[in-house]
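Structure record follows, encoded as structure tokens.
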Amino acid sequence: MSQNKFSEFGDYVEKKSKQYDFPKYIRIINLGIGGLLIFIGIWKIITLQIFTNILTLKFFNVFVPFFFILFGGILLLSELKPELIIEYLKILKTYIGLGSFYLFLSSLTVYNVEQETNAILGWIYGIILFTVGVYYIILHFISKQKEQNESASSSFSAPLV
Numbered sequence: 012m013s014q015n016k017f018s019e020f021g022d023y024v025e026k027k028s029k030q031y032d033f034p035k036y037i038r039i040i041n042l043g044i045g046g047l048l049i050f051i052g053i054w055k056i057i058t059l060q061i062f063t064n065i066l067t068l069k070f071f072n073v074f075v076p077f078f079f080i081l082f083g084g085i086l087l088l089s090e091l092k093p094e095l096i097i098e099y100l101k102i103l104k105t106y107i108g109l110g111s112f113y114l115f116l117s118s119l120t121v122y123n124v125e126q127e128t129n130a131i132l133g134w135i136y137g138i139i140l141f142t143v144g145v146y147y148i149i150l151h152f153i154s155k156q157k158e159q160n161e162s163a164s165s166s167f168s169a170p171l172v
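For the sequence shown, the numbering used here gives the first residue as 12, with consecutive numbering after it.
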């Protein structure tokens, strides 16, 4: 009988650990946006747009292309090596965390890309990132509601730890 309790608890833990598994289309979106951010950062460095910031006394904007590369790399790592990200950046493995991260990236992209290159291109990148961020936040609330409905219908209650 005690083995039965442990097996139920094991099933519960297994169900909770699947929370970190995103569907395939979400992984493709994350890989695409990570690659896009790396491309934007490298493009800004190659076209020497970072030096225009020094001449116009916007010194701290010199670092923004490197942040684009860093954040794009983080998104790529979150899909290619998820165990590393789960260990250090757990917020990127939840829908609400990923949505918030994308909203932050959209504001950074609109401001920086619009200021230095093409205003339309900056707005397009920003709207794409904003839309994906809002989509993830909506997914968070839908999955929470579905999880609550499933837990209310099941007879198994999770043990308090």
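Virtual Cβ for every residue (Gly too), placed ideally from N, Cα, C.
- Inter-residue distance for glycine 133 and glutamate 94 is about 33 Å (C-alpha atoms, whole angstroms).
- Inter-residue distance for valine 121 and asparagine 41 is about 19 Å (C-alpha atoms, whole angstroms).
- Under the three-state reduction of DSSP, lysine 35 is assigned to helix.
- Straight through space, the alpha carbons of valine 145 and glycine 45 are spaced by roughly 17 Å.
- For valine 75, the enclosing alpha helix (DSSP H) starts and ends at 75 to 91.
- In this structure lysine 92 is exposed. Its beta-carbon is surrounded by fewer than 16 other beta-carbon atoms within 10 angstroms.
- Two segments are said to touch when three or more pairs of C-beta atoms, one from each, lie closer than 8 Å; by this definition the segment 100 to 118 does not touch the segment 69 to 77.
- Here the C-alpha atom of phenylalanine 141 lies approximately 19 Å from the C-alpha atom of glycine 84.
- Burial state of lysine 55 is buried, judged by a 10 Å Cβ sphere holding 16 or more other Cβ atoms.
- With a contact defined as Cβ atoms closer than 8 Å, isoleucine 96 and leucine 87 miss out at about 10 Å.
- Note on geometry: alpha-carbon atoms of isoleucine 138 and isoleucine 131 lie some 10 Å from one another.
- Relative to the Cα of isoleucine 37, the nearest Cα in the group Tyr147, Leu47, Ser154 belongs to Tyr147.
- In the structure shown, threonine 105 falls within a coil segment according to DSSP collapsed to helix, strand and coil.
- Secondary structure of leucine 100 (DSSP, three-state): coil.
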